[in-house]
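According to the numbering used here, the residues represented by the sequence shown are 107 to 317, in order. A quick write-up on the structure given underneath.
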Amino acid sequence: MPNITKLTENYILEHPSIKDCLKNGLINYSSLSRQIASDLNLNLKKNFDAILIACRRMKRKLKKEETFENKILKILKESKIEIKNKVIAVVLEKDIFFENLINLEKEIKKRKEIFRVIEGISAITIITAEDFIDLIKKYFKNKIMLENKNLAEITIKSPKEIETTPGTYAYLCSLFGENNINIIETLSCWTDTIFLVKEEDVGKVMGLLRF
Numbered sequence: 107m108p109n110i111t112k113l114t115e116n117y118i119l120e121h122p123s124i125k126d127c128l129k130n131g132l133i134n135y136s137s138l139s140r141q142i143a144s145d146l147n148l149n150l151k152k153n154f155d156a157i158l159i160a161c162r163r164m165k166r167k168l169k170k171e172e173t174f175e176n177k178i179l180k181i182l183k184e185s186k187i188e189i190k191n192k193v194i195a196v197v198l199e200k201d202i203f204f205e206n207l208i209n210l211e212k213e214i215k216k217r218k219e220i221f222r223v224i225e226g227i228s229a230i231t232i233i234t235a236e237d238f239i240d241l242i243k244k245y246f247k248n249k250i251m252l253e254n255k256n257l258a259e260i261t262i263k264s265p266k267e268i269e270t271t272p273g274t275y276a277y278l279c280s281l282f283g284e285n286n287i288n289i290i291e292t293l294s295c296w297t298d299t300i301f302l303v304k305e306e307d308v309g310k311v312m313g314l315l316r317f
């Protein structure tokens, strides 16, 4: 027996446009219930009332979330944005000689350029300026799995309140996703939130981040 409430909530959360309309009271509950039943292959006659009730409950839940969203927007309005273009993200196999990674970092930082490392379970990603691709190949020629070029690094420098405000990162990811902006890489350090996107998306990103 399916959990109608959970199915309905998940459906709404997976459809941002429906979620926004529901939150703002711009949707007909009966029409939405019929659409959900149809899309999820649920028996309309049997489940209509349960879906309708779940939609109304979800509306109340979303209104409560609006308070958090206002806090998030306040933080983002007070944030500063820095952009660096001509960035590359190089994915390496995990079994590299780490002394080479240290030497690479020293050489790049001598020239006061960005150098970031993300270590995963099966790979390591180096983020730096495109100028250093030959240097990376010098150290890790046979360990390169992927090169992501023509990237821009977007750094959002927020007030310290971001640490205790849930949902800020999720809000930004959702904002990018809803506007068809692919996040190539992401990382954070205290109050800095960093996204790597394609250079061609920078204009769109800047428009979205004008809170």
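Cβ atoms here follow ideal geometry from the backbone N, Cα and C, with glycine treated the same way.
Three-state class that DSSP yields for residue i in the structure shown
i	result
Lys218	coil
Glu259	strand
Ser280	helix
Ile287	coil
Asn116	helix
Met107	Interpretation of Met107 is limited by its pLDDT of 46, a score under 50 that renders its predicted location unreliable; the figure taken from the coordinates is listed afterwards. Coil.
Glu184	coil
Thr234	strand
Leu315	coil
Thr271	coil
Pro265	coil
Asn206	helix
Leu148	coil
Leu241	helix
Leu132	coil
Ile124	helix
Classification of residue i by the beta-carbon crowding that lies within 10 angstroms, buried from 16 upward
i	result
Leu179	exposed
Glu184	exposed
Lys249	buried
Thr173	exposed
Phe317	exposed
Opposing strand residues paired with residue i [DSSP bridges]
i	result
Leu293	Ile300
Leu252	Val197
Ile227	Ile227 is not bridged to any residue.
Ala156	Ala156 is not bridged to any residue.
Ile190	The sequence shown places Lys at residue 190, not Ile. Beta-bridge pairing links Lys190 to Glu259.
Beta-carbon spacing of residue i, residue j below 8 Å
i	j	result
Leu302	Ala235	no
Ile232	Leu281	no
Ile187	Ile262	yes
Ile290	Leu257	yes
Ile224	Leu148	no
For residue j and residue i, believed in contact at Cβ under 8 Å, the rounded distance
i	j	result
Lys170	Lys129	With 8 Å as the limit, Lys170 and Lys129 do not qualify as a contact, their Cβ atoms being about 10 Å apart.
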